[in-house]
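Working notes, beginning with the structure itself.
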Amino acid sequence: EFARRAKYIIIHLDETESLLLHLGMSGRLLFDGPPQGRHEHLTFHCEGGTVLRFVDPRRFGLLLLAERSGLASHPRLAGLGVEPLSPTFDGALLHRRFAGRRSDVKAALLDQRLVAGIGNIYACEALFRAGISPRRRAGGLGRRRCERLARAIVAVLEEAIAAGGSSLRDYVDADGRAGNFQNEFRVYGREGEPCPGCGTPVRRIVQGGRSTFFCTRCQR
DNA sequence: AACGCTTCCTGTTCGC
DNA sequence: TGCGAACAGGAAGCGT
1 EFARRAKYII
11 IHLDETESLL
21 LHLGMSGRLL
31 FDGPPQGRHE
41 HLTFHCEGGT
51 VLRFVDPRRF
61 GLLLLAERSG
71 LASHPRLAGL
81 GVEPLSPTFD
91 GALLHRRFAG
101 RRSDVKAALL
111 DQRLVAGIGN
121 IYACEALFRA
131 GISPRRRAGG
141 LGRRRCERLA
151 RAIVAVLEEA
161 IAAGGSSLRD
171 YVDADGRAGN
181 FQNEFRVYGR
191 EGEPCPGCGT
201 PVRRIVQGGR
211 STFFCTRCQR
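Just so we're aligned, residue 1 is where the first sequence starts under this note's numbering, counting upward by one.
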């Protein structure tokens with residue numbers, strides 16, 4: 001029995017215990033298939049013969065055994081922000097969560113305590129679609145911009161999920177299949193290429209140690 | 001509080 | 001070809 005919160009995969013083992021799993025940057029969870037070599041850190045042999053392999057070359061991932069009853073208050077899960085695909089997420093909520101934040105809106109989108117589950121790719125893509133500069137202060141965004149951003153976040157996530165996710169290198173689903181959304185990136189990873197909106201070369205900057213890709217003309 | 005920088009680790013790509 | 005540098009889907013932990 002599987003669940004998810006933010007970027008954590010939750011596997012309910014029985015009535016009392018659950019696994020908390022995070023793939024980090026390079027993690028994979030693979031059902032069956034051949035052994036994966038030295039980066040296969042944990043292998044589950046399930047009832048019925050199914051094998052589940054946790055593979056993570058960079059070891060930024062996480063796998064914890066947790067009490068099911070205490071999951072909501074687990075240190076890793078408590079404090080996570082709203083799920084962007086939940087019905088309660090909208091521009092007004094984003095506006096409230098951003099209020100008073102002095103950091104760049106790009107950094108705020110990556111802050112899992114504000115909105116949960118947005119990573120570097122989808123932060124860049126959502127800001128592009130919303131026409132908002134990643135360098136804008138989060139707390140300075142007005143309601144209208146927050147509404148546009150909220151809609152862009154939902155659209156990007158839904159499209160990415162429908163496309164099976166984004167595979168830069170490592171990511172594959174549990175059946176070993178790569179995603180396709182990387183073919184739909186409008187700015188991420190496209191430094192120097194023409195913006196799909198206006199042709200201006202896409203710029204890359206670094207914010208909080210992470211690459212940000214954006215169009216200086218379309219995103220204000 | 002909230003912020004920004006550093007760190008964890010391995011693999012791949014890029015420029016000389 | 002070899003070799004170091006830069007870079008990569010994340011987020012905790014640390015100072016300030």
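Note that the Cβ used here is the ideal one computed from N, Cα and C, for glycine as well. Please read these numbers as outputs of a predicted model, since none were measured by experiment.
Look up residue i in the DSSP assignment and say whether it is helix, strand or coil.
{"i": "F214", "result": "strand"}
{"i": "Y8", "result": "strand"}
{"i": "I77", "result": "Looking at the sequence shown, residue 77 is not Ile but Leu. Here L77 sits in coil by DSSP."}
{"i": "I118", "result": "coil"}
{"i": "L93", "result": "helix"}
{"i": "Q36", "result": "coil"}
{"i": "F185", "result": "coil"}
{"i": "F31", "result": "strand"}
{"i": "S133", "result": "coil"}
{"i": "F128", "result": "helix"}
{"i": "L63", "result": "strand"}
{"i": "V51", "result": "strand"}
{"i": "S18", "result": "strand"}
{"i": "R58", "result": "coil"}
{"i": "R203", "result": "strand"}
Measuring only the C-alpha atoms, how far is residue i from residue j?
{"i": "K106", "j": "A66", "result": "32 Å"}
{"i": "P57", "j": "L30", "result": "14 Å"}
{"i": "E40", "j": "A3", "result": "22 Å"}
{"i": "S73", "j": "H12", "result": "16 Å"}
{"i": "G176", "j": "V206", "result": "32 Å"}
{"i": "S26", "j": "A99", "result": "33 Å"}
{"i": "P34", "j": "V55", "result": "12 Å"}
{"i": "A160", "j": "F181", "result": "5 Å"}
{"i": "A116", "j": "L21", "result": "15 Å"}
{"i": "V172", "j": "T212", "result": "23 Å"}
{"i": "I118", "j": "A126", "result": "10 Å"}
Report back the beta-carbon spacing between residue i and residue j to the nearest angstrom; my notes put them in contact at under 8 Å.
{"i": "L62", "j": "G24", "result": "7 Å"}
{"i": "A152", "j": "A130", "result": "4 Å"}
{"i": "D104", "j": "R137", "result": "7 Å"}
{"i": "R28", "j": "N120", "result": "At roughly 18 Å, the Cβ-Cβ gap does not stay under 8 Å, so R28 and N120 are not in contact."}
{"i": "V154", "j": "L42", "result": "Actually they do not touch by this definition, with Cβ atoms about 34 Å apart."}
{"i": "Q221", "j": "F128", "result": "With the chain represented from 1 up to 220, any question about residue 221 goes unanswered, as that position is not in the structure."}
The ligand GDP and residue i: does any heavy atom of the ligand fall closer than 7 Å to the residue's C-beta?
{"i": "G33", "result": "By its list of ligands, the structure shown contains no ligand whatsoever, and the ligand GDP lies outside what it can speak to."}
*How about the region 146 to 155 and the region 93 to 101: do they share at least three Cβ pairs that are nearer than 8 Å?*
Touching, yes, given that three or more Cβ pairs across the two stretches are closer than 8 Å.
*Is the region 40 to 50 touching the region 77 to 84, taking contact as three or more C-beta pairs under 8 Å?*
no
*Three or more C-beta pairs below 8 Å linking the region 59 to 77 and the region 16 to 30*: yes
*asked:* Three or more C-beta pairs under 8 Å: does that hold for the region 180 to 193 against the region 109 to 117?
replied: no
*May I have a chain-ordered list of the beta strand (DSSP E) segments no shorter than 3 residues that lie completely inside the region 135 to 171?*
none
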